[in-house]
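Encoded as structure tokens, the structure appears first; notes follow it.
Residue numbers (UniProt numbering): 1 to 595.
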């Protein structure tokens, strides 16, 4: 189904142009579709992709990501070029019907976390215009925060997708490096660059990320984790450097919210991570920025409008030799190993997204110092090959030099190691959702893509592994995700085995002409490694085999060796184990099952 109807999309487009025209926020976009072209392209998307998941969605794209029909400037007019094809991520989004309405402003060459380093103007905070927006994905974040677009693309090397999300009170997803293609993206520091999604809420952000991630190249592991354990442990830093008292209180309130939602809290020493974070700009690793655009910046004249702070960072990065870079990479590997040991007992880490929210004047007086402080809790993320989700965590009254009466958005970020994107996403959903969720969590965006790539396996269960049954915890502890109820084809039989306590056994498909019927069960998703562990622990006479479903699919499922039937009771007439249990408990003639 499309994201919204064509009529609603036209109304959204009309509001976009009206709101932007009256907002006085010319600094948000570097280039825009005109109203007529936007309406025509929208109609084309409905014609080409009438059932596209993003059809009718308005998206803004950071102007270091190629989009056909727009120049790519990276906020440097003299660097501008006209791409002849979409970046990989934009191609994916357009193939699902998305409309790109414009290219957004950024810290030049994505070098900064403040949103002020652009000849197109400093991008201002959505709530208090005297404050910074955060960067470098500044225009994208403010476009989402003001409700101009449904979602926006950013990039993230040092926190450029998370810092503006935190300061603008929106969601920012930074995937594991390599899960989303950087093809058609102007590099900042190529080894650590990620394309990110900015959106008003997690469902939209995860939808866009799932589609974008179909462009990725990094192979998924066989032990892919898709869901937190039953009692997740969240690591919390013991110290919070650079933060004001008001923001520290806001973080402690976020910790309390986690505890109220059943998470276990473990304090960790984040200092090794914070020290390693300094290497991104203060070590030879910064040489990658020179490798990316150093030749252009070094040769650029005054009319190329190179930001002086950006020029200083990039030209300064040319001084390092190849041996120095290699030595820094070895040093980083050692630091990463030591830092992550501190995290080993935790499923996820929660940190403040930003330590404070400065005003534009403060940044102008100390552009390097303020920028460095802004990256306190973000700079180590990509250096350590982590995934992250930044979410809003409330409003604080802390205007800094502007006055304590002014509101500011406070946000937190959930972090974990590579390929645990669905884990941090699940924790973020629980954190931002109702105190007592009523539904089983759906598969995350990475699990959905893994299903399409056969990197995970569906498992049919019919007995004690069903939800609410004694052995369901085994699936949960293996990180399995409930997909929904299923029914077999009409050639199966179900037996209550003659054991104490009784166990169910499914047999089939039966030979043609045999008396069988459909049996109800559940479908779960788990990694190949988890399935192997489950199989090795499976007691006889249980086994795993192919189960034919009424929807035409065949998936792996629990079954039973018919030769071991013995005096087992045929309970097929009840249509499933759960129905049989309900009937039997009413008769008070059996015990609860163990398998």
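We treat Cβ as the ideally placed atom computed from N, Cα and C, and that holds for glycine.
In chain order, each alpha helix (DSSP H) run of at least 4 residues that lies wholly inside the UniProt domain "Allophanate hydrolase C-terminal" (457-581): 472-477 and 528-536
Per DSSP, cross-strand counterpart(s) of residue 414: 350 and 389
Environment of residue 18 [buried if 16+ CB atoms lie within 10 Å]: exposed
When 285, 241 and 267 are compared against residue 274, the one with the closest alpha-carbon: 241
Between the stretch 472-489 and the stretch 232-250, do at least 3 Cβ pairs fall closer than 8 angstroms? no
To the nearest angstrom, how far is the alpha carbon of residue 261 from that of residue 169? Cα-Cα distance, rounded: 21 angstroms.
Whole-angstrom distance between residue 534 and residue 473, CA atom to CA atom: 12 angstroms
Using a threshold of 8 angstroms, state whether the C-beta atoms of residue 247 and residue 352 are closer than that. Yes, they are a contact pair.
Rounded C-alpha distance that separates residue 469 from residue 83: Roughly 56 angstroms between the two C-alpha positions.
Apart from the five residues just before and just after residue 509, which ones in its own chain have a Cβ nearer than 6 angstroms to its Cβ? 491 and 548
Under three-state DSSP, which class holds residue 29? strand
If you reduce the DSSP assignment to three classes, tell me which class residue 5 lands in. coil
Whole alpha helix (DSSP H) elements within the stretch 158-229, 4-residue minimum: 163-168 and 202-212
Within 10 Å of its beta-carbon, does residue 25 have 16 or more other beta-carbons around it, so buried, or fewer, so exposed? Buried is the label assigned to residue 25, since at least 16 other Cβ atoms lie within 10 Å of its Cβ.
Taking all protein chains shown into account, do 16 or more other C-beta atoms lie within 10 angstroms of the C-beta of residue 566, making it buried, or fewer, making it exposed? Looking at its Cβ environment, which holds fewer than 16 other Cβ atoms inside 10 Å, residue 566 is exposed.
Host beta strand (DSSP E) of residue 266 (start-end): 264-268
Which value, in whole angstroms, describes the spacing of the CA atoms of residue 314 and residue 61? 24 angstroms
Expressed to the nearest angstrom, what Euclidean distance is found between the alpha-carbon atoms of residue 590 and residue 348? Legend: pLDDT at residue 590 = 48, less than 50; position of this residue unreliable, value from coordinates given subsequently. Answer to the nearest angstrom: the Cα atoms are 42 angstroms apart.
Beta-carbon separation of residue 58 and residue 16 under 8 angstroms? By the CB criterion at 8 angstroms, residue 58 and residue 16 fall inside the cutoff.
Span separating the alpha-carbon of residue 362 from that of residue 210: 38 angstroms
Beta-carbon proximity list for residue 76, same chain, < 6 angstroms, skipping 5 on both sides: 108
Contact check, residue 342 vs residue 268 under 8 angstroms by CB: the rounded distance? Indeed, because the Cβ distance is near 5 angstroms, the residues count as touching under 8 angstroms.
Can you round the beta-carbon distance between residue 518 and residue 575 to whole angstroms, since I take them to be within the 8 angstroms contact cut? 7 angstroms
Can you check which of these residues, 216, 104 and 135, is closest to residue 180 by C-alpha distance? Considering only 216, 104 and 135, the residue with the shortest C-alpha distance to residue 180 is 216.
Look at the alpha carbon of residue 493 and the alpha carbon of residue 336, and state the distance between them as a whole number of angstroms. Here the alpha carbons of residue 336 and residue 493 stand approximately 54 angstroms from one another.
What residue from 104, 540 and 528 has the CA that sits closest to residue 556's CA? If we check each option's Cα against that of residue 556, 528 comes out closest.
Please work out which residues of its chain come closer than 7 angstroms, Cβ to Cβ, to residue 311, disregarding the five sequence neighbours upstream and downstream, and give them in chain order. The answer, listed in chain order, is 297.
When DSSP labels each residue in this structure, what does residue 54 get in the three-state scheme? coil
Suppose you measure from the CA of residue 80 to the CA of residue 292; what does that come to, to the nearest Å? 15 angstroms
Need the endpoints of the beta strand (DSSP E) that residue 236 sits in, please. 233-237
Residue 382 beta carbon less than 8 angstroms from that of residue 580: no
Could you tell me whether the stretch 48-55 touches the stretch 89-99, using the rule of 3 or more Cβ pairs below 8 angstroms? The stretch 48-55 is in contact with the stretch 89-99.
When you compare only the Cα positions, how much space is there between residue 33 and residue 102? 6 angstroms
For residue 8 and residue 496, what's the separation of their Cα atoms in angstroms? 54 angstroms
Using alpha carbons as the reference points, say which of 106, 111 and 86 lies closest to residue 100. 86
Counterpart residues of residue 409 in DSSP-defined beta bridges: 395
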